[in-house]
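Residue numbers (this note's numbering), protein chains in the order written: chain X, 666 to 779; chain F, 135 to 246.
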């Protein structure tokens with residue numbers, strides 16, 4: 666079975682630009698979450714979506730937005746990029762109904778803002 | 135609020151040494167607890183989990199026991215290998231559908 670897939674794997678953008686990151690969850694998983702991992706730190710929660718509805722949002726500015734599509738894939742959008750947005754962006758999917766079912770993470774998209 | 139605290143790294147061990155990475159948590163509900171591992175340049179992989187007090191999670195020689203009385207979930211391995219070199223993250227999940235809250239990570243380096 667395919668795991669969580671993210672695209673692109675690497676991306677370089679200029680300050681002020683916009684970026685879209687994409688994620689496909691494991692088949693059967695209806696929950697997708699996005700995390701930002703700055704170098705040397707643990708991942709920080711950005712968004713969670715379940716059944717195309719936003720279920721949670723972390724402490725990130727409105728420049729960050731996301732959506733989930735009918736096939737449960739998801740996009741994370743970041744506007745007006747700042748140097749501090751440089752990070753590894755991780756997507757995770759989960760079988761929503763089981764609290765003990767850990768999230769499965771993709772390999773991430775490494776975003777560099779110059 | 136809910137939080138996870140891990141021992142600071144880096145931790146450097148010789149091959150076949152015993153490993154302990156401490157993890158304590160603060161949570162308002164009844165969390166599920168997880169250890170994730172991140173190898174260089176890769177995403178996170180679930181290593182083990184425990185969903186209720188006194189549960190022991192285990193995988194690939196690693197173990198961790200959910201201790202509610204001490205709010206801890208320490209990771210242990212009896213004999214580490216060079217291939218275990220990675221960053222280890224302790225995490226909790228409180229609500230159904232809830233986010234994962236991670237510790238800051240502990241880097242492990244195992245020398246031959």
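We put the beta carbon where it would ideally sit given N, CA and C, even for glycine. Because the structure is a prediction, the values reported are computed rather than measured.
Per-residue burial, residue i [other beta carbons within 10 Å of its own, 16 or more giving buried]
i, result
"residue 237/F", "buried"
"residue 715/X", "buried"
"residue 757/X", "buried"
"residue 196/F", "buried"
"residue 680/X", "exposed"
"residue 720/X", "buried"
"residue 146/F", "exposed"
"residue 137/F", "exposed"
"residue 731/X", "buried"
"residue 692/X", "exposed"
"residue 669/X", "buried"
"residue 706/X", "exposed"
Partners in chain A for residue i, counting only beta-carbon separations shorter than 9 Å
i, result
"residue 682/X", "Any reference to chain A falls outside this structure, whose protein chains are X and F."
Whole-angstrom distance between residue j and residue i, CA atom to CA atom
i, j, result
"residue 717/X", "residue 148/F", "48 Å"
"residue 777/X", "residue 748/X", "8 Å"
"residue 711/X", "residue 694/X", "19 Å"
"residue 742/X", "residue 752/X", "14 Å"
"residue 203/F", "residue 187/F", "9 Å"
"residue 190/F", "residue 744/X", "43 Å"
"residue 171/F", "residue 683/X", "31 Å"
"residue 708/X", "residue 180/F", "14 Å"
"residue 675/X", "residue 685/X", "12 Å"
"residue 142/F", "residue 735/X", "42 Å"
"residue 194/F", "residue 725/X", "36 Å"
"residue 235/F", "residue 244/F", "27 Å"
"residue 697/X", "residue 703/X", "20 Å"
"residue 728/X", "residue 699/X", "14 Å"
"residue 233/F", "residue 223/F", "15 Å"
"residue 750/X", "residue 166/F", "30 Å"
"residue 173/F", "residue 246/F", "18 Å"
"residue 144/F", "residue 175/F", "17 Å"
Range of the contiguous beta strand (DSSP E) that encloses residue i
i, result
"residue 159/F", "157-160"
"residue 208/F", "Looking at the DSSP string, residue 208/F is not in any beta strand (DSSP E), and its letter there is neither H nor E."
"residue 691/X", "That residue, residue 691/X, is in no beta strand (DSSP E); it is neither H nor E in DSSP."
"residue 241/F", "240-245"
"residue 193/F", "190-193"
"residue 166/F", "166-172"
"residue 137/F", "137-140"
"residue 672/X", "670-672"
"residue 197/F", "196-199"
"residue 221/F", "220-227"
Beta-carbon proximity check, residue i vs residue j, cutoff 9 Å
i, j, result
"residue 182/F", "residue 169/F", "yes"
"residue 687/X", "residue 738/X", "yes"
"residue 162/F", "residue 139/F", "no"
"residue 672/X", "residue 769/X", "no"
"residue 213/F", "residue 151/F", "yes"
"residue 771/X", "residue 177/F", "yes"
"residue 240/F", "residue 221/F", "yes"
"residue 678/X", "residue 746/X", "yes"
"residue 227/F", "residue 767/X", "yes"
"residue 209/F", "residue 225/F", "no"
"residue 184/F", "residue 200/F", "yes"
"residue 156/F", "residue 206/F", "yes"
Tell me the start and end of each unbroken beta strand (DSSP E) in the region 674-752 of chain X that is at least 3 residues and wholly inside, in chain order. 675-678, 684-689, 696-702, 709-715, 718-722, 729-733, 739-743
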